[in-house]
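Using this note's numbering, you'd call the opening residue of the sequence shown number 135 and step up by one each time. To start, the structure itself, in structure tokens.
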Amino acid sequence: MKIPLFRPAASAEPMAARLAQSFADVLRSGTYILGPQVQALEVRLSALLQGRETVAVGSGSEALLLAFKSLGIGSAGGGDALDEVLVPAYTFVACAEAVLAAGARPVFVDSAPDDFLPALADFRNARTPRTRAILAVGLFGDASGLPELVAWCRDEKLLLVEDVAQCLGAQAGDDAAAGHAGTWGDAAAMSFYPTKTLGAAGDAGALAFRNPLHAGKARLLRNHGYRDGRHHCLGHNSRMDELQACLLHAALDDFPVHLARRRAIAASYLAAWSDLPMRLPRDSAGHAWNYFVVQLPDTREREDFAAKLAASGIATRIYYEQPLHLHEALRPWHGDRGALPNSERLAGCSLSLPLYPMLSDEEIGYIIDAVRQAARAPGNQHPTTCQPPS
Ligand SMILES: *Cc1c(COP(=O)(O)O)cnc(C)c1O
135 MKIPLFRPAA SAEPMAARLA QSFADVLRSG TYILGPQVQA LEVRLSALLQ
185 GRETVAVGSG SEALLLAFKS LGIGSAGGGD ALDEVLVPAY TFVACAEAVL
235 AAGARPVFVD SAPDDFLPAL ADFRNARTPR TRAILAVGLF GDASGLPELV
285 AWCRDEKLLL VEDVAQCLGA QAGDDAAAGH AGTWGDAAAM SFYPTKTLGA
335 AGDAGALAFR NPLHAGKARL LRNHGYRDGR HHCLGHNSRM DELQACLLHA
385 ALDDFPVHLA RRRAIAASYL AAWSDLPMRL PRDSAGHAWN YFVVQLPDTR
435 EREDFAAKLA ASGIATRIYY EQPLHLHEAL RPWHGDRGAL PNSERLAGCS
485 LSLPLYPMLS DEEIGYIIDA VRQAARAPGN QHPTTCQPPS
């Protein structure tokens, strides 16, 4: 059996057939960018996010940049060149790129000892008088830290930007008032990159804002500052096209079922692998399970484990090879702030396994068995402490 790390729902025959008509309609309409499909998509995303105004853009990376600029963070957005944004060290590089492109400075925050994400205490320790905002990333689908962060940002008068690229559909808060990821911060950046919980068949993204004035700013910025025949400011080309919007409408129809499927697969994995010598991801309430990332005892064992799965036809991938503060291009921004041991350890021992709605029950059973065999092979009976990479 061959199981890829990801198989898009749009690649399945029923979806292609479903979309044939609406794609043909878009092509015949002659309107290909920021047309009625995109407008209707913004309305649906807004409904998903408890009425927040949403703005469709070209990608998740651009959504992050436009979030900072719309909120006035950094010199490019009308803020200060010394504005600092607290960014998790263990996340996708776009998070730091966006802060820098907005003309602000990223301050990298270590992961908590027992989690992929920084805890409130870690953000607290990294805060300086220059801190304007924190970037809360719902890494791998986990948005459970948001309620605590919101309360702290309110007290400290900091702006909160949510990166919900991986956690759209997740919920945070443990009661009836549980709020969707994307509705906690001053702004939220979504990505519809094909592998995300809501995926397009190309690049696309969106923003959601607490304050409609900020949404208005983002609407100008995504299209060269243009509105009603005039360029009101300098901006970007970050427009969503009609074909992607069309596909995202179909993906939104399937979204609740696909989320439920992700959660069911994660529950099967967690139950089947609880006794293995590897650390499983935390099963937080409301998790959207975009990725299922396990931690092996060390880097060499991760290599062995991945090789055994590859021999069984199961693709895996390392998210992330390097924490941000160790990237060549980002190191100068970290300067002499020292090691961030937890994120460095995670980069050395984490491995992402296939988890997506298009996995069949048969494939899930095959993955469960293959992982059990690969993790339990002789010589692999270590405690689940994860050592730093050598
Ligand atoms: C995917 C991703 C992005 C960037 O989104 P694109 O649509 O690929 O530009 C940003 N942040 C995180 C955490 C992501 O996973």
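Don't be surprised by glycine CBs; every beta carbon is placed ideally from N, CA and C. Since the structure is predicted, the reported quantities are computational estimates derived from the model, not experimental observations.
Rounded to whole angstroms, Gly350 and Pro390 show a C-alpha spacing of 29 Å. The criterion of a C-beta distance shorter than 7 Å is not satisfied by Gly164 and Glu376.
Annotation for Phe257: Leu220, Val243, Ile268, Leu283, Trp286 place their beta carbon closer than 8 Å to its own, counting only its chain and skipping 5 residues before and after. Met135 counts as exposed, since fewer than 16 other C-beta atoms from the protein chains shown sit within 10 angstroms of its C-beta.
Inter-segment contact for the region 285-301 and the region 319-330 is present: three or more beta-carbon pairs are separated by less than 8 Å. Shortest Cα-Cα distance from Pro411 to any of Ala419, Gln429, Ala394, His421 involves Gln429. Where Val241 is concerned, the enclosing beta strand (DSSP E) starts and stops at 239-243.
Ala315 has its CB no nearer than 6 Å to any heavy atom of ligand 1. Counting of Cβ neighbours within 10 angstroms places Thr265 among the buried residues, the total reaching 16 or more.
For Asp276, the closest C-alpha among the options Pro263, Ala255, Gly313 is that of Gly313. Per DSSP, Ser418 lies in no alpha helix (DSSP H) segment and is marked neither H nor E. The three-state reading of DSSP puts Phe140 in coil, since its state is none of H, G, I, E or B. Exclusion of the five residues before and after Phe439 leaves Leu430, Ala508 as the residues of its chain whose Cβ lies within less than 6 Å of its Cβ. Using a cutoff of 6 Å, the CB of Gln300 counts as near ligand 1, since one of the ligand's heavy atoms is closer than that. Runs of the alpha helix (DSSP H) spanning 4 or more residues and lying entirely within the region 184-222 occur at 194-204, in chain order. Residues Ala481 of the same chain have their beta carbon placed closer than 8 Å to that of Gln456, with the five preceding and five following residues left out of the count. For Thr329, there is no enclosing alpha helix (DSSP H), since its DSSP letter is neither H nor E.
Exclusion of the five residues before and after Pro328 leaves Pro142, Ala334, Ala335 as the residues of its chain whose Cβ lies within less than 7 Å of its Cβ. Within the region 281-361, the beta strand (DSSP E) runs of at least 3 residues that lie entirely inside it are, in chain order, 293-297, 321-325, 339-343. A buried status is given to Glu196, since no fewer than 16 other beta-carbon atoms sit within 10 Å of its beta-carbon. Sorting Tyr360, Arg510, His392, Gln378 by C-alpha distance to the C-alpha of Leu302 places His392 at the top. Taking the CA atoms as reference points, Leu460 sits about 23 Å from Thr450. By the criterion of a C-beta distance shorter than 8 Å, Ala246 is surrounded in its chain by Pro252, Ala253, Ala255, Asp256, Asn476, once the five residues flanking it on both sides are discounted. By the Cβ-count criterion, Ser278 is buried, with 16 or more other Cβ atoms from all chains shown falling within 10 Å of its own Cβ.
Assigned with DSSP and collapsed to three states, Ile452 falls in coil, not helix or strand. Under the three-state reduction of DSSP output, Ala277 falls in the coil class, being neither helix nor strand. Rounded to the nearest whole angstrom, the C-alpha separation of Val160 and Tyr166 is 7 Å. Residue side-chain check: Ala449 keeps its Cβ at 6 Å or more from all non-hydrogen atoms of ligand 1.
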